[in-house]
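Read through the structure below, which is laid out as structure tokens, and then see the notes.
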Amino acid sequence: MSTPFSPLSEPFSGTPHCPSPCSWTGVLCEQNRVTVLRLPGFALIGEIPIGIFSNLTELRTLSLRLNALSGKLPQDLASCKSLKNLYLQGNLFSGEIPDFLFSLKELVKLNLGENNFTGNISTGFGNFIRLRTLFLEDNSLSGSLPDLKMGKLEQLNKKE
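Position 133 of the sequence shown, counted from 1, bears residue number 247 in the numbering used here, the numbering being contiguous throughout.
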């Protein structure tokens, strides 16, 4: 038998015992599908590996706020089509806000504040018709928000 951090002492045969992600701290599931992933202030550091979100198609809430995550947002975040709440504030994400983010049509709350995003504010923000909360403050974004079709927008913070 091996511990999670030691090499296998015998040849691998079958599926190793691994608890369901549904039992992990910060993870909530419905019908064995991850719907909520909350890891705020977990001291997560570095870039998010590509492919980590590709099977989380039922994810509705993702909170990775107040960590030290860096680099660009991974493209496979676009596979989270059910995402309603995305909290990424207080990290070190950089580069332009990626266009694939605007394909997440179900978003109600989006917080990208307090990162290192740069570039012009995309016209893609106009695609969020369900958005109620949008925070972009403390980034290096330029320009103004497009003509928003967001009749339900209740909170907006864009200050630099």
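Think of the CB as a built atom: it goes at the ideal place given N, C-alpha and C, for glycine as much as any other residue.
Next item on the list: Kindly give me the distance between the Cβ atoms of asparagine 225 and phenylalanine 249, rounded to whole angstroms, as I take these residues to be in contact under 8 Å.
Entry: By 1-based counting over the sequence shown, the position of residue 225 is 111. By 1-based counting over the sequence shown, the position of residue 249 is 135. Indeed, because the Cβ distance is near 4 Å, the residues count as touching under 8 Å.
Next item on the list: From the DSSP output, read off the bridge partner residues of alanine 192.
Entry: Mapped onto the sequence shown, residue 192 falls at position 78. DSSP output for alanine 192 lists no bridge partner at all.
Next item on the list: Taking glycine 238 as the reference, give the member of Glu228, Gly227, Leu215 with the closest Cα.
Entry: To locate residue 238, count along the sequence shown from 1; it is residue 124. Comparing Cα-Cα distances from glycine 238 to each of Glu228, Gly227, Leu215, the minimum goes to Leu215.
Next item on the list: Could you please give me the residues that DSSP links to cysteine 143 through a beta bridge?
Entry: Here residue 143 corresponds to residue number 29 of the sequence shown, with the count starting at 1. Bridge partners of cysteine 143: Val148.
Notebook entry, point to check: What do you get for glutamine 203, buried or exposed, if any count of 16 or more other CB atoms within 10 angstroms of its CB means buried?
Noted result: As a first step, residue 203 is located in the sequence shown; it is residue number 89 there, counting from the start. Buried, since its Cβ has 16 or more Cβ neighbours within 10 Å.
Checklist line | Coarse secondary structure for methionine 115, derived from DSSP in three states | finding: Against the sequence shown, residue 115 aligns to sequence position 1. For methionine 115, the pLDDT reaches just 32, beneath the cut-off of 50, and the residue's location in the model is therefore unreliable, although a value from the coordinates is still provided. In the structure shown, methionine 115 sits in coil (DSSP, three-state: anything other than H, G, I, E or B).
Check: Below 8 Å, can you find three or more Cβ-Cβ pairs linking the stretch 159 to 167 to the stretch 129 to 144?
Finding: With a cut-off of 8 Å, the stretch 129 to 144 and the stretch 159 to 167 do not count as touching, because too few Cβ pairs lie within range.
Notebook entry, point to check: Beta-carbon separation of leucine 191 and leucine 153 under 8 Å?
Noted result: Here residue 191 refers to the residue found at position 77 when the sequence shown is read from its first residue. Here residue 153 refers to the residue found at position 39 when the sequence shown is read from its first residue. No, Cβ-Cβ distance for leucine 191 and leucine 153 is not below 8 Å.
Next item on the list: Following the continuous beta strand (DSSP E) through glutamine 269, name the residue where it begins and the one where it ends.
Entry: If you number the sequence shown from 1, residue 269 lands on position 155. 269 to 271 is the extent of the beta strand (DSSP E) around glutamine 269.
Next item on the list: Determine the closest residue to aspartate 252 out of Pro260, Leu170, Lys272, with distance taken between C-alpha atoms.
Entry: Here residue 252 refers to the residue found at position 138 of the sequence shown. Checking every option, the nearest Cα to that of aspartate 252 belongs to Lys272.
Next item on the list: Just grab the DSSP bridge partners of asparagine 278 for me.
Entry: The displayed coordinates of the chain run from 115 to 274. Any statement about residue 278 would go beyond what the structure contains.
Checklist line | Three-state class that DSSP yields for asparagine 225 in the structure shown | finding: Mapped onto the sequence shown, residue 225 falls at position 111. Here asparagine 225 sits in strand by DSSP.
Checklist line | Option in Gly257, Asn229, Ser217, Lys186 with minimal Cα separation from leucine 245 | finding: Within the sequence shown, numbered from 1, the residue matching residue 245 stands at position 131. The option with the nearest alpha carbon to leucine 245 is Ser217.
Next item on the list: Name the one or two DSSP bridge partners that threonine 175 has.
Entry: Indexing the sequence shown from 1 puts residue 175 at position 61. Partner(s): Val150, Asn199.
Note to self: Excluding the 5 residues flanking serine 254 on each side, which residues of the same chain have their C-beta closer than 6 Å to its C-beta?
What the structure shows: Counting from one through the sequence shown, the residue named residue 254 turns up at place 140. Counting only Cβ-Cβ distances below 6 Å, and skipping sequence neighbours, we find Thr232.
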